[in-house]
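Participant: As numbered in numbering that gives the first Met the number 0, residues 0 to 90 make up the sequence shown, in order.
Ideal placement from N, C-alpha and C gives every residue a C-beta, glycine not left out.
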Amino acid sequence: MERLAPQSYLGLHFSEYPDGNGPILNEMVRRVVTSNEVKQKIIDQIDERIESSFQSRTADWDSSSRETARPVIKTFIEKLVNEAFDHVQLP
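Here is the structure:
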């Protein structure tokens, strides 16, 4: 039986992948797992969970103060999620 070159998958060939180097593979997997879509989904879930708490804690604030505070909180959440993902180390 003759050995054939593997077929490409999604336009990639086996030879284009790095060798079995652990740190390189770990970094590749981390980038896939921590894609922007995943980060945004987590940010949105956290934002939804704290919405009621924000409303109750700011009930006596005027509307312009609340409108100013929401983007600040959202930016803070994004920063924390990004920092947390930067420190993810897969086994």
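Are the stretch 78-89 and the stretch 47-63 in contact at 8 Å, needing three or more beta carbon pairs?
Facilitator: Contact between the stretch 78-89 and the stretch 47-63 is absent, because fewer than three Cβ pairs lie under 8 Å.
Participant: Ile76 and Ile45: beta carbons closer than 8 Å?
Facilitator: In the sequence shown, the residue the question calls residue 76 occupies position 77. In the sequence shown, the residue the question calls residue 45 occupies position 46. Against a cut-off of 8 Å, the Cβ pair of Ile45 and Ile76 comes out as a contact.
Participant: I need the boundaries of the alpha helix (DSSP H) containing Ala83, first residue and last residue.
Facilitator: For the purposes of this step, residue 83 is taken as the residue at position 84 of the sequence shown. Note, Ala83: alpha helix (DSSP H), Ser62 to Asp85.
Participant: Within 10 Å of its beta-carbon, does Val71 have 16 or more other beta-carbons around it, so buried, or fewer, so exposed?
Facilitator: By one-based count along the sequence shown, residue 71 stands at place 72. Burial call: exposed.
Participant: Return the CA-CA distance between Arg65 and Lys73, expressed in angstroms with no decimal places.
Facilitator: The sequence position of residue 65 within the sequence shown is 66, counting from 1. The sequence position of residue 73 within the sequence shown is 74, counting from 1. Their Cα atoms are separated by approximately 12 Å.
Participant: Roughly how many whole angstroms lie between the Cα atoms of Val28 and Asp43?
Facilitator: One-based indexing of the sequence shown puts residue 28 at position 29. One-based indexing of the sequence shown puts residue 43 at position 44. Taking the straight line from one Cα to the other gives about 23 Å.
Participant: Where do the ends of the alpha helix (DSSP H) carrying Ser55 lie?
Facilitator: As a position in the sequence shown, residue 55 is number 56, starting the count at 1. Asn35 to Arg56 is the span of the alpha helix (DSSP H), which, as asked, contains Ser55.
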